[in-house]
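Here the structure comes first, spelled out in structure tokens, and everything after it is commentary.
Chains as they are written, first to last, in our numbering: chain A, 1 to 331; chain B, 332 to 772.
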């Protein structure tokens, strides 16, 4: 027996879970989306993702080492998640220096300035996206058309609006939706699901995102509350609008399957650090995200509303945590 | 299958060698009997150095309502009255007895015969339970006679017997149920009679199918005893959770089980009550699980209270070389000993040895707000918040956030991926709030 016994308070056993496992679990969940983005946007997707991940890792390492002089914790995987999510929120043809600048904003301002992992009130990748969108609106909204890896490559180097941008502009010009929906820019539901959306890297295939979400549910990294409340409330709100006037308001299926809604609901709104703690709070948070997304999409200046909706709801998290608590046993 | 509604965790069970028979350990050369072995007002020693004692002889007195007697587990001579470190790490008054032979008081029935007929009435039973020093053997050591005296204005509807043994590694309750099931059930009937309760439920988790089957079969010949199989989930053995699992009721916040019409006793306690009431035998021995992943011969040992822990450790093949932690009790709520130079008490359910690789906690990192602690807390509390409030010394808000409702089951710390010392903070919070509350009065 060792001369000295170790004394500590109970419990003396711990679950096999730890922060690194959770973070790398999210990275694994992001792989289907990564593969589809490479499939649809080819080399440019690979380049954007690589640059974003590498620069996020570098900035986190450099800031921890030289500014607060901590031991760098880059191996925990959280910077990889930020890099991947940031890349998934960018068009594949964005100039590389903008991607690097975005990574600096995400890691430096949105994460490390608040104290690093666990302390940031806003989702770092979304802060960077919002920063880039406001600073470089043209570069951030010229979307390359998709070019599947094994399809014909004739449509190279073309850019076009996202289905949403196209529909929104059409509606603004007074063209009835039933007419707009026939246009080639609007993909069928099947291709929305399997991937054929023009847009950011990560929003091309709803199915790949759902697959990643199911993996995170299985691994108990996230619970169902936020994605279900987010997607459900967006769908219901859009359905009500669409029922009022189907020629002006886009059908709810298009709303939930296209654009960043799936990506936002599954990967961005569920970010552990920036979402509420109690199941009730998570439902309220998801509901807020869903309703705000539709409000911004329908009445806002931007065609896309997911990232702003989540950032706005991030700001409400402390309030939600205070207002929606779990029920205490016996009270 | 039934279980409690809120939270809970599933730690690895590690019920090692649970099917092995209990081994009766030899008497020690010297026994160490702590004077106070219960929760409540301390007892007073009534023997002196040089006194001759017999097995079953009263060693202490306690005139308080919440007090419990201690009887000599050995015959021999009192060597000295000393202060000795107990499992909590404090020096406590103890009687050291040089063991000579094994002479019992005459009035203790030592026969093997199982006596089922209960001749004592309600008040006589309670008096006997008090006299024989019976305390709750689930771990808290709360004097049992106090539980049996239901305060006026309230009534007990159900007797709940805890055969859950939800702590990993522990198998002593299991052995008792399998090897002495009938005595346990007579004990339950006695408790029913003392409380005037028609229905008793024995809750057993379904990882112990043999115990469930055995007691179910026996219960057919008893009146109003029902064995309830429960889904495996920690902390089902906590009394509020067990009541919830079996009856669906919730003990109101800050109240006692009796406020939900229930009295909860451990199965071991029921067995001790049987021996006290039917055999006139005080609480002087118990089963202790001595276990650990690297222990050579994991065993359940039937020992006299006061047996030095070193003897139990020798009986399982000695303490392995790389042992870094010895826990008195289970891994979730047990206390880490800083020395093996202490003795078995009424509340010693197990000794758990851990090697170097299991003895340390992980390094604490920032909270990532994963909400796992909130999801597992069986009381519906927010451990992350309570931890932060205590770290910021905001005890008033911690009180408003119901820190006092914490049952210290450790599920939050078990599940925290950042290894934050949540329960340690909450304990500090509870202690400080208790001080603040008493100042307010």
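Every residue, glycine too, gets a C-beta built ideally from N, C-alpha and C.
Which residues mark the beginning and the end of the alpha helix (DSSP H) in which residue i is found?
| i | result |
| --- | --- |
| residue 179 (chain A) | 177-180 |
| residue 132 (chain A) | 124-135 |
| residue 659 (chain B) | Looking at the DSSP string, residue 659 (chain B) is not in any alpha helix (DSSP H); the run it does join, the beta strand (DSSP E), is 654-659. |
| residue 289 (chain A) | 279-299 |
| residue 768 (chain B) | 753-771 |
| residue 510 (chain B) | 503-510 |
| residue 114 (chain A) | Where residue 114 (chain A) is concerned, there is no enclosing alpha helix (DSSP H), given that its DSSP letter is neither H nor E. |
| residue 666 (chain B) | Here residue 666 (chain B) belongs to no alpha helix (DSSP H); instead the beta strand (DSSP E) covers 666-668. |
| residue 81 (chain A) | 78-88 |
| residue 48 (chain A) | 19-66 |
| residue 313 (chain A) | 306-323 |
| residue 683 (chain B) | First-last for residue 683 (chain B): 681-686, but that is the beta strand (DSSP E), not the alpha helix (DSSP H). |
| residue 575 (chain B) | 570-578 |
Since residue i sits in a beta bridge, which residues does DSSP pair it with?
| i | result |
| --- | --- |
| residue 422 (chain B) | B:416 |
| residue 378 (chain B) | DSSP, once it has assigned bridges, lists no residue as partnering residue 378 (chain B). |
| residue 326 (chain B) | Absent from the model: residue 326 (chain B). The displayed extent of chain B is 332 to 772, so no value can be given. |
| residue 340 (chain B) | B:565 |
| residue 636 (chain B) | Bridge partners of residue 636 (chain B): none, in fact. |
| residue 435 (chain B) | B:386 |
| residue 493 (chain B) | B:534 and B:597 |
| residue 631 (chain B) | B:620 |
| residue 556 (chain B) | B:531 |
| residue 392 (chain B) | B:375 |
| residue 333 (chain B) | B:561 |
Have a look at the options and flag the residue whose alpha-carbon is nearest the alpha-carbon of residue i.
| i | options | result |
| --- | --- | --- |
| residue 392 (chain B) | B:401, B:386, B:385 and B:384 | B:401 |
| residue 46 (chain A) | A:56, A:55 and A:35 | A:35 |
| residue 205 (chain A) | A:20, A:292, A:271 and A:40 | A:40 |
| residue 168 (chain A) | A:254, A:210 and A:117 | A:254 |
| residue 560 (chain B) | B:599, B:550, B:536 and B:580 | B:536 |
| residue 688 (chain B) | B:471, B:718, B:715 and B:656 | B:656 |
| residue 225 (chain A) | B:341, B:714, B:690 and B:706 | B:706 |
| residue 633 (chain B) | B:677, B:651 and B:488 | B:677 |
| residue 15 (chain A) | B:765, B:770, B:763 and B:751 | B:751 |
| residue 614 (chain B) | B:675, B:334, B:624 and B:653 | B:675 |
| residue 462 (chain B) | B:483, B:507, B:397 and B:502 | B:397 |
| residue 372 (chain B) | B:650, B:359, B:395 and B:351 | B:395 |
| residue 512 (chain B) | B:771, B:473, B:598 and B:670 | B:598 |
| residue 51 (chain A) | A:220, A:100, A:199 and A:81 | A:100 |
| residue 327 (chain A) | B:710, B:538 and B:499 | B:710 |
| residue 380 (chain B) | B:387, B:340 and B:425 | B:425 |
| residue 434 (chain B) | B:388, B:530, B:717 and B:587 | B:388 |
Quick one: what's got a C-beta closer than 8 angstroms to residue i's C-beta in the same chain, skipping five residues either side?
| i | result |
| --- | --- |
| residue 384 (chain B) | 378, 390, 403, 405, 406, 407, 408, 409 and 428 |
| residue 591 (chain B) | 574, 578, 580, 581, 582 and 583 |
| residue 75 (chain A) | 20 |
To which residues of the same chain is residue i closer than 7 angstroms at the C-beta, ignoring the five residues directly before and after it?
| i | result |
| --- | --- |
| residue 541 (chain B) | 509 |
| residue 647 (chain B) | 621, 626, 627, 628, 629 and 630 |
| residue 525 (chain B) | 453, 456, 457 and 479 |
| residue 334 (chain B) | 561, 562, 564, 567 and 576 |
| residue 761 (chain B) | 734, 735 and 737 |
Could you tell me the boundaries of the beta strand (DSSP E) in which residue i lies?
| i | result |
| --- | --- |
| residue 352 (chain B) | Residue 352 (chain B) -> no beta strand (DSSP E), and no H or E assigned at all. |
| residue 620 (chain B) | 616-622 |
| residue 361 (chain B) | 361-365 |
| residue 597 (chain B) | 593-597 |
| residue 702 (chain B) | Careful: residue 702 (chain B) lies outside any beta strand (DSSP E) and carries neither H nor E. |
| residue 534 (chain B) | 530-536 |
Quick one: what's got a C-beta closer than 6 angstroms to residue i's C-beta in the same chain, skipping five residues either side?
| i | result |
| --- | --- |
| residue 157 (chain A) | Bear in mind that the predicted position of residue 157 (chain A) carries a pLDDT of just 44, short of 50, making it unreliable; the figure below should be weighed with that in mind. So no residue of the chain qualifies. |
| residue 2 (chain A) | Interpretation of residue 2 (chain A) is limited by its pLDDT of 48, a score under 50 that renders its predicted location unreliable; the figure taken from the coordinates is listed afterwards. Excluding residues within five positions, none has a Cβ falling inside 6 angstroms. |
| residue 238 (chain A) | 252, 255 and 294 |
| residue 216 (chain A) | 29 and 222 |
| residue 351 (chain B) | none |
| residue 269 (chain A) | 226, 230, 289 and 310 |
Is residue i near the ligand SAH, in the sense that its beta carbon is under 7 angstroms from a heavy atom of that ligand?
| i | result |
| --- | --- |
| residue 293 (chain A) | Of the ligands one can find in the structure shown there are none, so the ligand SAH has no counterpart to examine. |
Original post:
Do the stretch 436-456 of chain B and the stretch 332-352 of chain B touch if we need at least three Cβ pairs shorter than 8 angstroms?
Top reply: Taking a cut-off of 8 angstroms on C-beta distances, the stretch 436-456 of chain B does not touch the stretch 332-352 of chain B, as fewer than three cross pairs fall below it.
Subject >> At least 3 beta-carbon pairs within less than 8 angstroms: the stretch 508-521 of chain B vs the stretch 600-614 of chain B >> reply: Taking 8 angstroms as the limit for Cβ pairs, the verdict is that the stretch 600-614 of chain B does touch the stretch 508-521 of chain B.
Original post:
Looking at C-beta atoms only, is the number of pairs between the stretch 89-106 of chain A and the stretch 116-135 of chain A that lie closer than 8 angstroms three or more?
Top reply: The stretch 89-106 of chain A is in contact with the stretch 116-135 of chain A.
Subject >> Three CB pairs or more closer than 8 angstroms across the stretch 651-666 of chain B and the stretch 694-705 of chain B >> reply: Contact between the stretch 651-666 of chain B and the stretch 694-705 of chain B is absent, with fewer than three C-beta pairs closer than 8 angstroms.
Original post:
At a cut of 8 angstroms, does the stretch 563-583 of chain B reach the stretch 728-743 of chain B through at least three beta carbon pairs?
Top reply: Counting Cβ pairs under 8 angstroms, three or more are found: they touch.
**OP:** For the stretch 317-331 of chain A and the stretch 174-185 of chain A, state whether three or more C-beta atom pairs, one from each stretch, are separated by less than 8 angstroms.
**Re:** Fewer than three beta-carbon pairs drawn from the stretch 317-331 of chain A and the stretch 174-185 of chain A are found closer than 8 angstroms, and the two stretches are therefore not classed as touching.
Subject >> Three or more C-beta pairs below 8 angstroms linking the stretch 239-256 of chain A and the stretch 86-95 of chain A >> reply: No contact exists between the stretch 239-256 of chain A and the stretch 86-95 of chain A.
Original post:
Taking contact to mean at least 3 C-beta pairs separated by less than 8 angstroms, is the stretch 348-358 of chain B in contact with the stretch 458-473 of chain B?
Top reply: Verdict: no, contact absent.
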